[in-house]
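Okay, so the sequence shown: first residue is 1 according to UniProt numbering, each after it adds one.
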Amino acid sequence: MSTASVSLRPATVSDAPLLASIHAASWQATYRGLLPDAFLDSEVTRERAAYWLNRMNAPGAERRIVLIAERDGEAIGFVCVERQIDTPWGVLLDNLHALPAHQGIGAGKLLMRAAQDWARAQGAVQLYLYVLEGNTPAIRFYERQGWEFSGAEPDQMGGIDITALRYIYRLDRAAAT
1 MSTASVSLRP ATVSDAPLLA SIHAASWQAT YRGLLPDAFL DSEVTRERAA YWLNRMNAPG
61 AERRIVLIAE RDGEAIGFVC VERQIDTPWG VLLDNLHALP AHQGIGAGKL LMRAAQDWAR
121 AQGAVQLYLY VLEGNTPAIR FYERQGWEFS GAEPDQMGGI DITALRYIYR LDRAAAT
């Protein structure tokens, strides 16, 4: 399906509840079986609401961009990209979410392309992201887009120990399209 019906707009502080809602819904659909049901069924909505309220009001907004994907006026996903201080990995693609009912229409690719374009404009040569080990659909999506596995790190999520897989994307090998 064409991405022609999907448009992007910058998120504002007032979009924090919307971002939290999409983020929680994405985790509830994607992380079932990877994170505790109790976290996904009750805590994740509150936790993501607090996270996005803090994040959108935090200093350093000039180092990040948050874009919302919309289709026919409905928010269906978002991306958050941030220049990190003192990291060898480049610009962090911190969040990329498309609501399950809207996956496969190209919104994820459009959001990722916007993230890559923004990172290039910041002078970056590489992006990196973390994906939860076991999140096979996301791993396949990233690998199809040219991301390469570059390591694993222990982390915590939903009150349990997890493994976060780091992927990198070299901007210099892929011209903006």
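Idealized CB from N, CA, C, for every residue including glycine.
It should be emphasised that the depicted structure is a prediction, and the values quoted were computed from it without experimental measurement.
May I ask you to report which of helix, strand or coil DSSP gives residue i?
| i | result |
| --- | --- |
| residue 12 | coil |
| residue 44 | helix |
| residue 54 | helix |
| residue 126 | strand |
| residue 86 | coil |
| residue 160 | strand |
| residue 19 | helix |
| residue 171 | helix |
| residue 105 | coil |
| residue 34 | coil |
| residue 99 | coil |
In the DSSP output, what is residue i paired with across the bridge?
| i | result |
| --- | --- |
| residue 152 | 165 |
| residue 71 | 6, 74 |
| residue 92 | 82, 128 |
Around the C-beta of residue i, are 16 or more other C-beta atoms found within 10 angstroms, so that it is buried, or is it exposed?
| i | result |
| --- | --- |
| residue 123 | exposed |
| residue 148 | exposed |
| residue 150 | exposed |
| residue 101 | exposed |
| residue 156 | exposed |
| residue 32 | exposed |
| residue 15 | buried |
| residue 26 | buried |
Below 8 Å on the Cβ atoms is my contact criterion, and I expect residue i with residue j to pass it. Report the Cβ-Cβ distance as a whole number of Å.
| i | j | result |
| --- | --- | --- |
| residue 182 | residue 141 | With the chain covering 1 to 177 only, the question about residue 182 has no answer from this structure. |
| residue 135 | residue 34 | 7 Å |
Cβ contact (3+ pairs, closer than 8 Å) linking the stretch 49–60 and the stretch 18–36: At 8 Å Cβ cutoff, the stretches touch.
The stretch 89–97 in contact with the stretch 119–139 per 3-pair CB rule at 8 Å: Contact annotation: the stretch 89–97 touches the stretch 119–139, with at least three C-beta pairs closer than 8 Å.
At least 3 beta-carbon pairs within less than 8 Å: the stretch 67–79 vs the stretch 110–119: With a cut-off of 8 Å, the stretch 110–119 and the stretch 67–79 count as touching, because enough Cβ pairs lie within range.
The stretch 62–72 touching the stretch 6–14, judged by at least three CB pairs closer than 8 Å: Yes, the stretch 62–72 touches the stretch 6–14.
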